[in-house]
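**Student:**
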Amino acid sequence: SNNTQALKAKIREICQEKQAVILAHYYTDGDIQDVADFIGDSLALARKAADTDARVIVMCGVHFMAETCKLLCPDKLVLCPDPEAGCSLADSCRAEDLRKFKEEHPGYTIVSYVNTTAAVKALTDVVVTSGNAERIVSKLPQDAKILFGPDHNLGSYVNAVTGRQMALWNGGCHVHARFSVDAIAALKDKHPGAIVLAHPECKGPVLAAADVIGSTAVLLKYATEHPDATYIVATEAGILYEMKKKCPTTEFIPVPPEITEGAPGCSCNQCEYMKMNTLDKLYACLKNESPAIEIPQDIARDAVKPIIRMLEMS
Ligand code: 13P
Ligand code: SF4
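Here the sequence shown stands for residues 3 to 316, where the numbers follow the UniProt record's numbering.
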């Protein structure tokens, strides 16, 4: 609408004024992706944050992503449109529980997915994302005793592709847990020859039915390089916005279908936390320079180390 367009123009204007950049994850609404300076997967967003010379960074994603920005740019003002935008996966590993594990199991190398709080990262040896987990785990000494957390599905997948036997935390993402093999099989029947793209946070049987497994950026890249196919997409449906933009004539089918019968407009393949980023909140946080991310110094000091190690190893 005209209002939306006007608000988007105001957001771009205030960014200029405040020397701010907007970083957005692929799972945010299309309107947010439209006004962002940069959209990416968790790894690309962390790299971008580390590189920017802007005064202000607005992270349109979820809370741990804004924390990662702040850890990498402690002197910058890092804003997030809604600090309540959490992550079920990050919530599945509490720092106190990880600390207890370490006390009870000394000698473990702790590998943590980027979807964790700063307090958990402070107890971690190296952070990984879905885009670099395989590479980083492969580089760790063969005889290392490793705990991988919190995503159990990603951990099992990395164990399978690297031949390691990492101990796994039992956490997961509620959105990716919803994708079923049955829904994929039904879509495959309807669209013979379609290629199944899946995020490694999906369950093992879903990954076994997938043709391409990878981070949002990896899935997007595959589709962009092979646009003459039909894709069944097993990850948060927000990614379809950029897929369709990059490949306007390609058919992308979300799993499960976006509109379920009897619940118009309601879909179970969206992350409600990512969708808490709205244009109104984005504009307000730029205008007020708040809410800003602050991380206690003792936690920040330890939490940045495994992120830097990730950036060096990936
Ligand atoms: P990516 O690293 O693929 O961007 O995934 C982040 C995420 O939150 C997946 O649910
Ligand atoms: Fe967290 Fe899942 Fe949302 Fe990704 S999709 S931010 S893992 S809750």
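Glycine included, every Cβ here is placed at the ideal spot set by N, Cα and C.
With DSSP as the reference, please indicate the residues paired to L79 in a beta bridge.
**Tutor:** In the DSSP output, where bridge partners are listed per residue, L79 has V58.
**Student:** Is T131 a contact residue of ligand 1, with contact defined as CB to any heavy atom under 6 Å?
**Tutor:** T131 Cβ: within cutoff of ligand 1.
**Student:** Could you give the DSSP three-state label for Y159: helix, strand or coil?
**Tutor:** In this structure, Y159 counts as helix in the three-state DSSP scheme.
**Student:** With DSSP as the reference, label P308 as helix, strand or coil.
**Tutor:** Correct three-state label for P308: helix.
**Student:** Is the stretch 274-286 in contact with the stretch 243-262, if contact means three or more CB pairs nearer than 8 Å?
**Tutor:** No: fewer than three Cβ pairs fall under 8 Å.
**Student:** Give the residues whose C-beta lies closer than 7 Å to at least one heavy atom of ligand 2, in chain order.
**Tutor:** Taken from the N-terminal end onward, the list reads Y29, V64, C89, S90, L91, A92, N117, C175, H176, V177, H178, E203, E238, C273, Y275 and M276.
**Student:** Just to confirm, does S158 get its C-beta within under 6 Å of one of the non-hydrogen atoms of ligand 4?
**Tutor:** No copy of ligand 4 occurs in the structure displayed; its ligands are ligand 1 and ligand 2 alone.
**Student:** Do A200 and A212 count as a contact pair if the criterion is CB distance below 7 Å?
**Tutor:** It is a contact, given that the beta carbons lie within the stated cut-off.
**Student:** Among the residues of its own chain, which have a CB less than 8 Å from the CB of I16, if the five just before and after it don't count?
**Tutor:** Excluding sequence neighbours, I16 sits near A22, Y285, L288 and K289.
**Student:** With a 10 Å radius around its C-beta and 16 neighbouring C-beta atoms as the bar for buried, classify N4 as buried or exposed.
**Tutor:** It counts as exposed.
**Student:** Mapping DSSP to helix, strand and coil, what is G206?
**Tutor:** Residue state, collapsed to three classes: helix.
**Student:** Should K10 and V37 be called a contact, given that it needs their Cβ atoms to be closer than 7 Å?
**Tutor:** Closer than 7 Å, so yes.
**Student:** Under 7 Å, do C204 and L91 count as touching if we go by C-beta distance?
**Tutor:** Going by C-beta atoms, C204 is not nearer than 7 Å to L91.
**Student:** Between A8, I295, D99 and V58, which has its C-alpha nearest residue 2's C-alpha?
**Tutor:** Only positions 3 to 316 of the chain appear in the structure, and residue 2 is not among them; the question remains open.
**Student:** What three-state label does DSSP hand E253 in the structure shown?
**Tutor:** If DSSP states are grouped into helix, strand and coil, E253 belongs with the strands.
**Student:** Would you say the beta carbon of S3 comes nearer than 6 Å to a heavy atom of ligand 1?
**Tutor:** It does not: the Cβ of S3 is nowhere closer than 6 Å to a heavy atom of ligand 1.
**Student:** Contact between the stretch 47-63 and the stretch 143-155: three or more CB pairs below 8 Å?
**Tutor:** The stretch 47-63, when compared against the stretch 143-155, does not touch it at the 8 Å Cβ threshold.
**Student:** Is there at least one non-hydrogen atom of ligand 1 closer than 6 Å to the beta-carbon of T218?
**Tutor:** Yes, Cβ of T218 sits closer than 6 Å to a heavy atom of ligand 1.
**Student:** Could you tell me whether the stretch 70-89 touches the stretch 152-163, using the rule of 3 or more Cβ pairs below 8 Å?
**Tutor:** Touching, no, given that fewer than three Cβ pairs across the two stretches are closer than 8 Å.
**Student:** Please classify H176: does DSSP put it in a helix, a strand, or coil?
**Tutor:** Three-state result, H176: coil.
**Student:** Within its chain, find whatever has a CB closer than 8 Å to the CB of D230; leave out the 5 residues flanking it on each side and keep chain order.
**Tutor:** Taken in chain order, the residues that qualify are T252.
**Student:** In chain order, what residues of the same chain have a beta carbon less than 6 Å from the beta carbon of F181, not counting five sequence neighbours either side?
**Tutor:** Closer than 6 Å at the Cβ level, and outside the excluded window around F181, lie C204, V208, A236 and V257.
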